[in-house]
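Worksheet: one structure, shown below.
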Amino acid sequence: MKRVAGECFRSPLFDFPLDRSRASSQPKSLPNPQPNSKSSPKAIAQGGYYSDSHSLEQRRRWYDPVAEAYDRARPRYPAELFDLAMAMTGLQAGDRLLEIGCGPGIATLPLAERGFSMTAIEPSAAGCEILREHCAAYPAVKVVNQTFEEWLVEVAAFKGVVAATSFHWVSPELGYPKIFQALKPDGHVLLLWNVPPQPSEDIWRSLQPIYDAHGSELETFVDRAKQEQQLRDVGQKLVEFDGLASGRFASRGFERIDCELSYTVEDYLALLQSLSPYILLEASQRKKLMLGLEQRLRDCCGERVQTSYFSALEIFQKI
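Heads up, our numbering is the position in the sequence shown plus 73, with the first residue counted as 1.
Encoded structure:
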C-alpha cells in the first residue's frame with residue numbers, strides 16, 4: 074500500500090492533512106513550571122502527564138504558549154475511529170456530549186460535524202480561542218474555559234463523556250465521580266488517544282547523539298506495544314475505581330488504528346514542542362535541542378520526516 078503525506082491508513086485510507094494556515098514554525102516562548110518529581114520526563118509516557126503533578130494554575134496555562142503549534146502539528150483522529158465509537162455506543166446526532174480537555178478542538182470539530190450537541194471544557198484560554206474559531210459554524214458547541222475540576226457538574230445531562238488524549242490529566246478522586254454524575258444512566262465514556270508520531274527506529278538512532286547532548290532526560294524511541302499497554306492501564310483505573318457512591322464503570326472494548334503521517338521538518342519540530350516533556354525543558358536547553366534536531370533531520374531525511382503512530386479508542390459504560 075502506498076503511504077503518502079497526511080494519510081492515516083488501515084484499509085480503506087483516511088486522509089487528514091495538516092492545517093498549515095496558522096502558526097509560524099516556532100511556538101511562542103514556553104513556560105518553565107516546576108512540577109514535583111513525579112512529572113519528570115522519564116517518569117511518564119511520552120507526550121503527557123498525570124494531573125496530580127500540576128496545580129490548577131499550571132494546567133490553565135500549560136498549553137497556552139504552544140496552542141497554535143498544537144493545533145497545527147498534532148495528528149487528527151481518523152474518521153473510522155469515530156465510526157467505531159458510534160457503532161459501539163449507539164450515540165447519534167442530536168445527543169449531548171461532554172468533552173474534557175478539548176484543546177483546540179481536534180476531536181470536537183469532527184463530533185460537531187456529526188451533529189452532536191457539545192459542552193467542551195478546556196483550561197487553556199489560547200486553546201479555547203482556536204476552538205471557538207474552528208466551531209464557529211456549530212452553535213450547538215458550548216466552549217467552557219475552565220479546568221474540569223472547577224466546572225460545576227450538570228447531573229445526568231450527557232449521553233457521552235469524551236476525553237481525546239486528555240484523560241491522563243483527570244484526577245481520579247475528583248474527576249471520576251464527576252464524570253459518573255454527569256452521565257445519564259447507561260451513558261458512555263469515550264477515551265480517544267493519539268500517541269505522538271515518531272520516525273523510524275533507524276532515524277531515532279541518528280538523532281540519539283543530539284538527545285544525549287541536549288535532552289538526555291527525554292525518552293526517545295517508544296515501543297508501541299508499551300504505549301498501548303500504558304493507555305489500557307489508564308482506562309483500567311476507571312474500571313477499578315471504588316470511590317463512587319453507587320454504580321461503576323465497565324469496559325466495553327478497545328480499538329487501535331495504525332497510522333502514518335509525513336511532516337515537513339518545521340512541522341515535526343512544532344509537534345515535538347507541543348509535547349509536555351519538551352515544554353518542561355528549560356528554554357535554552359530546548360532551543361539547542363531543536364537546532365540540533367533540525368540540522369540532523371535535514372541531513373538524514375531531507376525536507377520531510379516520515380512518521381508512524383496509532384490512534385486508539387476505549388469505551389466504558391456507566392452501570
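Think of the CB as a built atom: it goes at the ideal place given N, C-alpha and C, for glycine as much as any other residue.
Span of the beta strand (DSSP E), counted from its first residue to its last, around T181:
In the sequence shown, the residue the question calls residue 181 occupies position 108. The continuous stretches of beta strand (DSSP E) do not include T181, which lies in the alpha helix (DSSP H) extending over residues 181–186.
Using the DSSP secondary-structure output, state which residues sit across from C332 in a beta bridge.
Along the sequence shown, one-based indexing puts residue 332 at 259. Beta-bridge analysis with DSSP links C332 to Y382.
Could you tell me whether the stretch 220–233 touches the stretch 251–263, where touching means 3 or more Cβ pairs closer than 8 Å?
The stretch 220–233 makes contact with the stretch 251–263: 3 or more CB pairs, one atom from each, lie closer than 8 Å.
Can you name, in chain order, every residue of its own chain whose Cβ lies under 8 Å from the Cβ of R187, other than the five neighbours on each side?
Looking up residue 187 in the sequence shown gives position 114. Within the same chain, Cβ atoms closer than 8 Å to the Cβ of R187 are found at F155, M159, A166, the five residues on either side in sequence being excluded.
Pick from D137, Q131, N218, H241: whose alpha carbon is nearest that of V307?
In the sequence shown, the residue the question calls residue 307 occupies position 234. Answer by Cα proximity: H241.
Looking only at C-alpha atoms, which of P245, I330, P270, Y284 sits nearest to L354?
Stepping through the sequence shown from its first residue, residue 354 is reached at position 281. For the options P245, I330, P270, Y284, the alpha carbon positioned closest to that of L354 is the one of Y284.
Work out the CA separation of I388 and T162 for me, nearest whole Å.
Position 89 of the sequence shown holds residue 162. Position 315 of the sequence shown holds residue 388. T162 and I388: Cα-Cα distance of roughly 8 Å.
Roughly how many whole angstroms lie between the Cα atoms of G176 and Q131?
Against the sequence shown, residue 176 aligns to sequence position 103. Against the sequence shown, residue 131 aligns to sequence position 58. If you take the alpha carbons of G176 and Q131, they lie about 15 Å apart.
First through last residue of the alpha helix (DSSP H) which encompasses I392:
Reading the sequence shown from its first residue, position 319 is the one you call residue 392. Careful: I392 lies outside any alpha helix (DSSP H) and carries neither H nor E.
Cβ-heavy atom distance between E290 and the ligand MN below 6 Å?
Judged by which ligands are present, the structure shown has none, so any question about the ligand MN falls away.
Rounded separation between T220 and L184 - CA only:
Counting from 1 along the sequence shown, the entry for residue 220 is found at position 147. Counting from 1 along the sequence shown, the entry for residue 184 is found at position 111. Here the alpha carbon of T220 sits roughly 21 Å from the alpha carbon of L184.
Exposed or buried, what is S289 when buried is set at 16 or more other beta-carbons lying within 10 Å of its beta-carbon?
The sequence position of residue 289 within the sequence shown is 216, counting from 1. By the neighbour-count rule (16 or more Cβ atoms within 10 Å), S289 is not buried but exposed.
Using the Cβ count rule (16 or more neighbours within 10 Å means buried), how would you classify K251?
As a first step, residue 251 is located in the sequence shown; it is residue number 178 there, counting from the start. Looking at its Cβ environment, which holds 16 or more other Cβ atoms inside 10 Å, K251 is buried.
Use the C-beta contact count for R305: other C-beta atoms within 10 angstroms, 16 or more gives buried, fewer gives exposed.
On the sequence shown, residue 305 is found 232 positions in, with the first residue counted as 1. Around the beta carbon of R305, fewer than 16 other beta carbons lie within 10 angstroms, which makes this residue exposed.
Grouping DSSP H, G and I as helix and E and B as strand, with all else coil, what is F240?
Taking the first residue of the sequence shown as position 1, residue 240 is located at position 167. Under the three-state reduction of DSSP output, F240 falls in the helix class.
Between the CA atoms of T380 and D340 - distance to the nearest angstrom:
In the sequence shown, the residue the question calls residue 340 occupies position 267. In the sequence shown, the residue the question calls residue 380 occupies position 307. Approximately 12 Å, taken between the alpha carbons.
Would you mind listing the alpha helix (DSSP H) stretches within the stretch 270–336 that are 4+ residues and don't spill past its ends, in chain order?
Within the stretch 270–336, complete alpha helix (DSSP H) segments of at least 4 residues are found at 274–287, 297–313, given in chain order.
Have a look at L366 and A237 and give me their C-alpha separation to the nearest angstrom.
Start at 1 with the first residue of the sequence shown, and residue 366 comes out as number 293. Start at 1 with the first residue of the sequence shown, and residue 237 comes out as number 164. Answer to the nearest angstrom: the Cα atoms are 28 Å apart.
Assign L345 to one of three DSSP states: helix, strand, or coil.
As a first step, residue 345 is located in the sequence shown; it is residue number 272 there, counting from the start. Residue state for L345 is assigned as helix, using DSSP reduced to three classes.
Report the option in G174, Q346, A140 whose CA atom is closest to the CA atom of W266.
On the sequence shown, position 193 is the one that residue 266 refers to. The shortest Cα separation from W266 among G174, Q346, A140 belongs to G174.
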